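In the working numbering, the protein residues as written are 384 to 792.
The beta carbon of each residue, even a glycine, is placed where N, CA and C say it ideally should be.
None of the values given here were measured: they were computed from a predicted structure.
Here's the structure we're looking at; comments come further down.
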Ligand code: HAM
């Protein structure tokens, strides 16, 4: 019969991959907990409207990439990202009543119908954080610090933090108008997507990867607008304050005025952390401030900022980690005693197996040396004396000890 294959753009995370995944997950818990963040797990599917209103209906994510389906006359969508879901939960569970800042972290699968390529999947995993309730730039600095700290805890130090400010809706209007004015004469030369973006979301023009469009945007009069300072005094103060905190923290950054991010909810600070070792999909982390989203989704006016990291991209930077061997393998032809001893060892917290098929003694010993650090040998002689022989499978040293006195380390 024909075998059923895995879907394009998805990947199995196999037992041999698990040491790296456990490492990433454990470090996330450890590092984010240090900052006072609590873990949250929200559903994998939500009302489609949450993403249309939350992420924005002019974005590629909402327009082209969502896995949407109908059930009982409801339109549901597999989450393409988790900020909208966490905001929904924040509102529904009245978390604005908690003392600010409310810091929530998460990990889990996301779904985007994108063209698969290295570093880009249709089901991928993110680890992320959302911080609610603080409008000051201290929160921006702390969130960026959390990202850098987490990456460092994984041993990833050689990454670049890119930073920009998108201003507030007020100053951004002026910028959009100026941008449209200089780009309008070149409109017929732009790709189809940019023609739509021009009308619906001109900031996203800067994010286009098409070489023809890039050539247009490189023109001096357009660059003058892009590189010019459009942000108002308040937004400018916020950004400068953030930069001074980053300097204090010793976090290096690069200003990238083309960084606009692919989601509509951002204002003021946006950032990405990039690696030189990942090819074209080089962002391991993306985030920013989204001060209007809680209100736009029906909650109390609450400023917020966060980020998410692609775990597959992190994993590919981390390379391989060896699978841990079992601590012990019980070798015995007395099955009842082997079962009992294995259980005794597991109760002591020792990872342990025995031979379920009761093979010959020598075969069991061979198996033990493949899968475990110690063979715990239980022959008839040992059973009668209440003892076991512990064999270190690296050094071949062995000693006989009382059964209730087994220490393996
Ligand atoms: P994002 O930039 O869309 O932001 O995604 C964050 C990270 O997820 C990316 O930098 C990348 O590492 C990873 N990623 C995204 N799409 C894929 C894909 N198709 N395959 C593999 N990895 C991918 C967000 O999702 C925002 N919710 C981040 C945020 C949180 N902003 C504020 N709070």
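Asked	Found
Rounded straight-line distance, which links the Cα of residue 574 to that of residue 594	10 Å
C-alpha gap between residue 762 and residue 727, whole angstroms	17 Å
Span of the beta strand (DSSP E) around residue 737	735-737
heavy atom of the ligand HAM below 7 Å from residue 691 C-beta	yes
Separation of residue 760 from residue 784, as counted between CA atoms	11 Å
Top-ranked residue by Cα proximity to residue 777, from 710, 724, 720, 767	710
Buried versus exposed call for residue 508 [16 or more other C-beta atoms within 10 Å across all chains shown]	buried
Complete runs of the alpha helix (DSSP H) confined to the stretch 552-599 [at least 4 residues]	552-566, 575-583
Residues bridged to residue 793 (per DSSP)	Because the chain spans 384 through 792 in this model, residue 793 falls outside it and cannot be assessed.
Cβ distance (whole Å) where residue 653 is taken to contact residue 547 below 8 Å	5 Å
Inter-stretch contact at 8 Å, needing at least 3 Cβ pairs: the stretch 434-450 / the stretch 646-666	yes
Cutoff 6 Å; reference residue 721; Cβ partners in own chain excluding five residues on either side	713, 715, 737
Heavy atom of the ligand HAM within 7 Å of residue 547 beta-carbon	no
Residue 765 CB to nearest heavy atom of the ligand HAM below 7 Å	no
Cβ-heavy atom distance, residue 659 to the ligand HAM, below 7 Å	no
For residue 743, three-class secondary structure by DSSP	coil
Cβ-heavy atom distance, residue 507 to the ligand HAM, below 7 Å	yes
Contact the stretch 565-572 vs the stretch 635-643: 3+ CB pairs below 8 Å	no
Check: residue 418 C-beta below 7 Å from any heavy atom of the ligand HAM	no
3 or more residues per run - each beta strand (DSSP E) lying fully within the stretch 691-775	709-714, 735-737, 755-760, 770-775
The ligand HAM heavy atom lying under 7 Å from the CB of residue 530	no
Inter-stretch contact (C-beta, 8 Å, three-pair minimum) for the stretch 657-669 and the stretch 689-700	yes
Cut-off 7 Å between Cβ atoms - residues of its own chain near residue 523, not counting five sequence neighbours on either side	625, 652, 672, 688
Contact check, residue 466 vs residue 431, beta carbons under 8 Å	no
Host beta strand (DSSP E) of residue 660 (start-end)	Here residue 660 belongs to no beta strand (DSSP E), and DSSP marks it neither H nor E.
Own chain, CB closer than 7 Å to residue 658, minus 5 neighbours either side, in chain order	542, 665, 667, 700
Per-residue DSSP class, three states only, for residue 449	coil
Per-residue DSSP class, three states only, for residue 437	helix
As assigned by DSSP and simplified to three states, the class of residue 406	helix
beta-carbon residue 666 near the ligand HAM non-hydrogen atom, thresh 7 Å	yes
Sub-8 Å separation of residue 515 and residue 734 beta-carbons	no
Close Cβ partners of residue 629 (< 7 Å) along its chain, the five nearest in sequence each way excluded	524, 527, 636
Near the ligand HAM: residue 587 beta-carbon under 7 Å from a heavy atom	no
Meets three-Cβ-pair contact criterion under 8 Å: the stretch 550-564 and the stretch 604-615	yes
Exposure label - residue 449; buried when at least 16 CB within 10 Å	buried
Entirely enclosed alpha helix (DSSP H) segments - the stretch 610-653, minimum 4 residues	616-632
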